[in-house]
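Below you'll find the structure, written out as structure tokens, and then a few comments.
Protein chains in written order, with this note's numbering: chain A, 99 to 210; chain B, 360 to 472.
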């Protein structure tokens, strides 16, 4: 079975600074990879996804992620964060025919 | 565009009571899911349904049941609620014939006293 590890439970960062949220997965077969964002008191919405092809994936709100097969990683990055990026971020992995499996989440706190 | 609608948005419930959380989607997705979200544990899959008429158990199915009588509706029932079922519950759907991306409802916050 595939599993997802988000290495940081909380990431504090100043506004306009770059940020990287780390995600590692384990799976013996090919998987699809996702990042979701959850703003306070809301459901989850998709930021970006990797299905195949280019390993650098661009998503909404200026976020991007890079799939690294040898490192089994799918880290999320943004070059300059805003206050409004404060949210919970979830990495998820999906194997064909199976349900999506989520990491435990990383809380991004952006301060002025 | 409604997407996924969950009801109620919030509920306080006495232990031992029966409770059904409702979930309806209008995207004609074949698959639907129920997750619970707890602090420090992320989202854990309770039950899922790959198509109308079929259901399956997820990671934490005990104490919960589901049904999938049609494509649009996927209710989650707690037959006899316990305090450990205090959580935020999210319903989601996906078209498994494409990428399998999940679309989520806004959540139902349940408190069992």
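Cβ atoms here follow ideal geometry from the backbone N, Cα and C, with glycine treated the same way. The model shown is predicted, which means the values in this text are computed figures rather than measured ones.
- Closer than 8 Å by beta-carbon distance: list the chain B residues that pair up with residue 140/A, in chain order. The sequence position of residue 140/A within the first chain is 42, counting from 1. Correct list: 465, 466.
- Item | Partners in chain B for residue 144/A, counting only beta-carbon separations shorter than 7 Å | Numbered from its first residue, the first chain carries residue 144/A at position 46. The contacting residues are 460.
- Message: Closer than 7 Å between beta carbons: that is the criterion. Which residues of the segment 360–392 of chain B meet it against chain A?
- Response: Along the segment 360–392 of chain B, going in chain order, the ones with a CB nearer than 7 Å to a CB of chain A are 392.
- From this set, 199/A, 117/A, 202/A, which residue's C-alpha is nearest residue 180/A's C-alpha? Sequence index remark: in the first chain, residue 180/A carries index 82 (1-based). In terms of Cα proximity to residue 180/A, the closest of 199/A, 117/A, 202/A is 117/A.
- Message: Please identify, using Cβ separations under 7 Å, the residues of the segment 420–453 of chain B that lie next to chain A, in order along the chain.
- Response: So the close ones are 449.
- Item | Burial state of residue 114/A (16 or more Cβ within 10 Å) | By 1-based counting over the first chain, the position of residue 114/A is 16. So residue 114/A ends up on the exposed side.
- Rounded distance between the beta-carbons of residue 370/B and residue 467/B, thought under 8 Å: In the second chain, counting from the first residue as 1, residue 467/B sits at position 108. In the second chain, counting from the first residue as 1, residue 370/B sits at position 11. Confirmed, about 7 Å.
- Drop a sphere of 10 angstroms on the beta-carbon of residue 191/A, count the other beta-carbons inside from all chains shown, and report buried for 16 or more, exposed for fewer. Here residue 191/A corresponds to residue number 93 of the first chain, with the count starting at 1. Looking at its Cβ environment, which holds 16 or more other Cβ atoms inside 10 Å, residue 191/A is buried.
- Which full runs of the beta strand (DSSP E) of 3+ residues lie inside the segment 145–188 of chain A, going along the chain? As far as the segment 145–188 of chain A is concerned, its whole beta strand (DSSP E) runs of at least 3 residues are 154–156, 162–166, 171–176.
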